[in-house]
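In what follows, a single structure is set out as structure tokens and then discussed.
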Amino acid sequence: MRGCRIHKPGRLMAGSEHQTLGLYMGQQHVATIQFEYTRIHHFEYTPEWRQQGFALSPHLPLQGPTGEKAANLFLRNMFPEGSVFDKALQYLAISKENHFAILGTLGLEAPGSLALAANIEQLQQPAQFQPLDLHELEKRLNDSDRNLAIWNGKVRLSAAGVQDKINVMKHPTQGLGFADGAWVSTHLLKFESPNAPGLVINEWFTLQLAKAAGLPVNHAEKIQIGKHSALLVERFDRRFNKDHTHVQRKHTIDGCQLLNRDALQKYERPLAHGKHTRHIRDGVSFSELFATRRWAKQPAKHTLQLLDWTVFNLLVGNADCHAKNLSFFVDAQGIELSPFYDLVNVLLFDFAHDWAMGLGDEFLDNGSLPSTYDLACFAHACELPGRLVSQRFENQINILVSAAKSLFSQLPPLSKFERQHLHQYQQILDARLRHFQQNAKGIQRAISDLILS
């Protein structure tokens, strides 16, 4: 009996060992990507983009050849992560090694302003909006073996990260739904994971604290879908124009793309903290992140924002502050930090509590707190004045003490579990603020001792 090959609607087929995709920004053809046996093989800017465009990252220069490794790392960092991505690939019958099919299928909704397509005509389809069926969403959320990524036969997922989420558009008159054709998503709808109850209220509260502390964060709204909490977050790389006829996109890359690293290297210890692997530290470190000031439009502002992000994460217990939880706007003048996102007190969950990046040699395993010496090692490695680091700690501690009290007294309607979760959050936060109030004062003196020793 002769076998047959089933072609799912919307699936990109690879008919030979050589394929190409175009990389577009709006209607401009930026680059051509060549694939060999479904793997990324060659990246080349178009002559027009070389003349009037800009380098998409410091490792994809406009002039001269682009290395295969740099192109691979840049494009593969566009892939989503986690179980939702795995289920999407299973539905599409696409292997994780088939880069051509993944980028060709998900590329129209790639993060930032870039889109991948076989031709420009794919980007010129009429704008379409399909309302989100909230009853169907609630039904899926009730199912532990849920598939949240597939709607109307299409994958509605593009943002990196392991948390369950889908791309949605918040239409000015029709509510939440899915964008197609000339339209793209404007928000992320994030859900709790079965292994992390309370994640939504935790992230919502942490974002409110960050906003109070002066960190740039996008608006996030806690909503209910039946008994399930969800977080509706504005995308910082997307904005409707004034008359809501077009979604404007902004070129954005994450920390791994900026530093030419694999997504697995978003942690400084990419092989985790096991006995035989804890010494391997070839992932992204704090010192490498602070060294990105050399590409910044405003190096001093860039450094202060990174420092404030680090200080805030230490104060609230966001140990999972890895390189893909930072993004950067890029244009011809350089880079600037995007609003911060994925801010969570992870100490309330049954996750690993060692830090994504070390303070010197200290990764604060098991949720331990850093000493003044650890903070001095961090400041010294990142070439930061100790007095400046102490000052930023003092500023944020003073703000968070009052901001937390104010927020706790003005909470929206919450479930009993959510209130209990925030009560535990408050206890952890109070203890951490007291600790850092004592240990952040003598950083400059500790740096002097460190240099002399």
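Using our numbering, you'd call the opening residue of the sequence shown number 103 and step up by one each time.
For every residue, glycine included, the Cβ atom is placed at its ideal position computed from N, Cα and C.
What you are looking at is a predicted structure, and each value in this text was computed from that prediction instead of being measured.
Determine the DSSP secondary structure at Q138, reduced to helix, strand or coil. With the sequence shown as reference, residue 138 is identified as Glu, and Gln is not the correct amino acid for it. DSSP places E138 in strand when its eight states are reduced to three.
Name the two residues that bound the continuous alpha helix (DSSP H) containing Q121. Here Q121 belongs to no alpha helix (DSSP H); instead the beta strand (DSSP E) covers H120 to M127.
Taking just the CA atoms, how far does P299 sit from R248? The straight-line gap from Cα to Cα measures roughly 16 Å.
Check whether the Cβ atoms of F392 and E485 lie closer than 9 Å to each other. yes
So, using beta-carbon positions, are D266 and S287 closer together than 9 Å? no
Note the first and the last residue of the continuous alpha helix (DSSP H) segment covering A483. T474 to A483
Short check: CB of W457 to CB of L439, under 9 Å? no
Just curious, the alpha helix (DSSP H) that F338 is in, first and last residue? First-last for F338: undefined, no H or E at that position.
Quick one: give me the first and last residue of the beta strand (DSSP E) that I204 is part of. Per DSSP, I204 belongs to no beta strand (DSSP E); it is in the alpha helix (DSSP H), H201 to L208.
Range of the contiguous alpha helix (DSSP H) that encloses G184: G184 to L194
Starting from the C-beta of A133, find all residues in its chain whose C-beta is less than 7 Å away, skip the five residues before and the five after it, and write them out in chain order. L125, F145, E146, Y147, T148 and W151
Find the nearest neighbour of E223 within the set P213, P233, G283 and T275, judged by alpha-carbon distance. G283
For the alpha helix (DSSP H) that E240 lies in, which residues bound it at each end? L236 to L243
I'd like the list of long-range same chain contacts for R107, defined as Cβ closer than 7 Å, with 5 residues on each side in sequence excluded. Residue confidence for R107 is low, a pLDDT of 37 falling below 50, so the modelled location carries little weight and cannot support an answer.
Identify the continuous beta strand (DSSP E) that holds N447 and give its terminal residues. N447 -> no beta strand (DSSP E), and no H or E assigned at all.
Mind checking which residues open and close the alpha helix (DSSP H) that includes H273? Looking at the DSSP string, H273 is not in any alpha helix (DSSP H); the run it does join, the beta strand (DSSP E), is K267 to H273.
Among Q121, R178 and E138, which has the Cα closest to the Cα of Q359? R178
C-beta contact flag for L225 and A217 at 9 Å: Yes, these two residues count as a Cβ contact at 9 Å.
Local Cβ density within 10 Å of Q540, reported as buried at 16 or more and exposed below that: exposed
Would you give the residue range spanned by the alpha helix (DSSP H) that E150 belongs to? P149 to Q154
Using 8 Å for Cβ pairs, my map puts L311 next to L509. What's the rounded Cβ distance? 7 Å
Please state the DSSP three-state secondary structure of D282. strand
Quick one: is Q153 buried, meaning 16 or more other Cβ sit within 10 Å of its Cβ, or exposed? exposed
Taking the straight line between their C-alpha atoms, what separation do you get for S517 and V257? 32 Å
Taking the alpha carbon of Y560 as the reference point, which residue from L409, G544, V448 and R536 has its own alpha carbon closest? With the chain running from 103 to 555 in the structure shown, residue 560 is simply not present.
Can you name, in chain order, every residue of its own chain whose Cβ lies under 7 Å from the Cβ of F495, other than the five neighbours on each side? V413, F538 and A542
Taking Cβ positions, are I501 and A315 nearer each other than 9 Å? Yes, Cβ-Cβ distance for I501 and A315 is below 9 Å.
Please classify E119: is it buried, with 16 or more other beta-carbons within 10 angstroms of its beta-carbon, or exposed? exposed
To the nearest whole angstrom, what separates the beta carbons of V491 and L409, a pair I think is in contact under 8 Å? In this structure, V491 and L409 form a Cβ contact; the two beta carbons are roughly 7 Å apart against a cut-off of 8 Å.
How would you write the range of the beta strand (DSSP E) that V432 sits in, first residue to last? S429 to D433
Based on the DSSP output, what are the partners of G436 in its beta bridges? D433
Of the listed residues V302, L301 and G255, nearest to F280 (C-alpha basis): Checking every option, the nearest Cα to that of F280 belongs to G255.
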